[in-house]
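Each step along the sequence shown adds one to the number in the numbering used here, with nothing skipped, and position 56 is 105.
We put the CB at the ideal spot given by N, CA and C, even for glycine.
Presented below is the structure to which this report refers.
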Amino acid sequence: MGSAWRHFKTITKHRHLVMKHCFQVGLYRRGLLHDLSKYSWTEFRAGIRYYQGTRSPNTAEREAMGYSLAWMHHKGRNRHHFEYWTDIQPDTKTYGPVPMPTEFLVEMVMDRIAACKVYKGPLYHDGSALEYLDQARDSSLMHPETKRQLRFLLLMLRDRGEAETFRFIRQVVLRGLPFGEDAAPTPVT
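Have a look at this one:
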């Protein structure tokens with residue numbers, strides 16, 4: 050029963066951090082709904098069995114079984130994961146990534162920050178989420194525009210800190226204003 054309690058505490062701490070960060074930028078609904086599927090039996094069972102406390106149990110399940118049923122369940126129900134955003138491409142008739150809508154992109158940023166805070170603990174720093182993105186092998190499945198926007202925001206987080214990045218997200222990103230390397234610089238006040 051110990052791993053069930055520890056997993057419950059870990060996912061709840063993560064959810065509350067994402068909620069707090071989403072609230073800070075004005076995404077109240079996304080914050081409230083974030084990762085509720087982690088409490089479903091399909092996902093929670095893997096969390097109990099493969100709990101380690103320093104990384105996602107889905108990774109351990111994948112290593113043990115060759116796939117993660119919990120991850121497949123999770124990514125199909127949570128639109129803040131870029132893996133959710135695939136569809137048949139009209140020109141090639143094959144599956145490929147599509148751009149993420151802004152609110153889910155922002156929730157993904159908050160999710161990555163919170164996951165790094167939970168799993169890295171006192172070793173967390175504002176560059177942790179960018180380091181995780183750079184180490185990930187699966188980001189080739191992300192739409193190039195989504196990846197460009199995510200990278201821009203995580204670079205801002207690393208270089209300017211959480212308060213300024215969250216202010217930029219509120220004032221620029223969530224208002225639908227252009228941002229990134231190709232956009233004119235937008236002052237954050």
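Start-to-end residues for the beta strand (DSSP E) that takes in residue i
i: P150; result: Note, P150: premise wrong, no beta strand (DSSP E); not H, not E.
i: I137; result: 135–137
i: P227; result: Taken as a continuous stretch (DSSP letters only), P227 belongs to no beta strand (DSSP E), as it is neither H nor E.
7 Å Cβ cutoff met for residue i and residue j
i: H123; j: E92; result: yes
i: H63; j: V167; result: yes
i: E152; j: R79; result: yes
i: L76; j: V155; result: yes
i: T214; j: M205; result: yes
i: S177; j: Y100; result: no
i: R207; j: D175; result: yes
i: H192; j: P227; result: no
i: V67; j: A163; result: yes
i: A113; j: A95; result: no
i: G170; j: Q198; result: no
i: S117; j: N127; result: no
i: L203; j: L172; result: no
Enclosing alpha helix (DSSP H) for residue i [first to last residue]
i: T195; result: 193–209
i: C183; result: One detail in the question is off: residue 183 reads as Asp in this sequence, not Cys. Element bounds for D183: 177–184.
Outcome for residue i when other beta-carbon atoms lying within 10 angstroms are tallied against a minimum of 16
i: M149; result: buried
i: G125; result: exposed
i: L85; result: exposed
i: K87; result: buried
i: W29; result: As shown, the chain starts at 50 and ends at 238. That puts residue 29 outside it, with no answer to give.
i: I60; result: buried
Reduced DSSP secondary structure (H/G/I, E/B, other) of residue i
i: Y253; result: The first residue shown for the chain is 50 and the last is 238, placing residue 253 beyond what the model contains.
Distance cut-off 6 Å: residue i Cβ against heavy atoms of the ligand ZN
i: K124; result: As presented, the structure is devoid of all ligands, the ligand ZN included, so that no description of it is given.
**Report entry** Complete runs of the alpha helix (DSSP H) confined to the region 64–125 [at least 4 residues]
**Finding:** 77–82, 90–98, 106–114, 118–124
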